[in-house]
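Under the working numbering, the first residue of the sequence shown carries the number 313, and numbering increases by one thereafter.
Think of the CB as a built atom: it goes at the ideal place given N, C-alpha and C, for glycine as much as any other residue.
These numbers were taken from a predicted model, which means no experiment stands behind them.
Report on the structure given below.
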Amino acid sequence: MTSFCDYLVSHLIEQEVALFSASSRLKAESDPEALHDLRIAVRRLRSLLHPVRGMPGIDELEQALSDMGRLSGPLRDLEVLLPVLEAEGYERAAALRRPALISGYATLLASPQWERLMMRLDGWPQLWRTSERHGVLKGLHGKVKKRLAREWQKLRDALKDPDHDRHRLRLLIKRVRYSLEVYPEESAVPQRLLAPLKDAQSALGDWHDYEQWLIRSERELDLMPLQPHWNARHDLAERLADESLEALEKALHRGH
């Protein structure tokens, strides 16, 4: 049990360091990937902590991570959109939106959500060690394995559904993929599925981007001329996403 707790604490600290590094680069505006890296660290922390929810301090920390993910999402969407607009020849549209992106970085790091996350992260390891000494974490390893198995079953059931919701599948695949990365020994998912999970996540991410841009183009008039092109790209991305889901399902059954 001690080794499992050590694993959790060491990996949390590792992702906390990644989070701090990304936030420093974001503050300095020195790296175009800083926000992306920050969001990956948040996602990995959530994947690490989600299976141990209910333990002391975990629910509050997971909520703080969820709040940060939700707050940073629209900013990342805008960050991804700007180079797309420039590539389409809409430099003015991109330039008009860039100040909102730059100010958004500062707003994010000055937000109550960020401060709350820092506070929760700072207090968690000591609380965890105290809980371990008092036997509160007894049986946790088994609980984690069961919870990961349930998440995997949810995804398998969703993949079988002919009327599957791509939005839900995207989130389920994200959770299972990152859980497999942070819990390679405990996960019920075979390691051979990591590549098709990543492929499906990427394809669904492309489809989701076009979904979001089309919604944005309905309310931002200068983007309306892009709708025919984006609609065509959306339809292609949708087909590729469905193909990646089929490939994932085939990989799932291979070797059974």
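When E391, E400, P508 and D371 are compared, the shortest CA-CA separation from R432 is found for D371. With fewer than 16 other CB atoms across the displayed protein chains lying within 10 angstroms of its CB, S415 is exposed.
Within the segment 455-537, the complete alpha helix (DSSP H) runs of at least 4 residues fall at 478-494 and 506-531.
Of the candidates P437, T442 and E493, the residue whose Cα lies closest to the Cα of L460 is E493. At the C-beta level, W464 and V501 come within 9 Å of one another.
Taking C-beta atoms as the reference points, L560 and A512 count as a pair closer than 9 Å. With distances taken between CA atoms, R409 lies nearest to P395 out of P395, E444 and L483. Two segments are said to touch when three or more pairs of C-beta atoms, one from each, lie closer than 8 Å; by this definition the segment 347-357 touches the segment 317-331.
Judged by DSSP secondary structure, V396 falls within the alpha helix (DSSP H) whose first and last residues are I370 to A399.
In summary, L387 is buried, with 16 or more beta-carbon neighbours lying within 10 Å of its beta-carbon over all protein chains present. Bounds of the alpha helix (DSSP H) holding M431 are P424 to R445. When the five nearest sequence neighbours on each side are left out, the beta carbons in the same chain lying within less than 8 Å of the beta carbon of R489 are those of L506, L509, K510 and Q513, in order along the chain.
Excluding five sequence positions before and after C317, the CB atoms of its chain that fall closer than 6 Å to its own CB belong to E444, given in chain order. For V364, there is no enclosing alpha helix (DSSP H), as DSSP marks it with neither H nor E.
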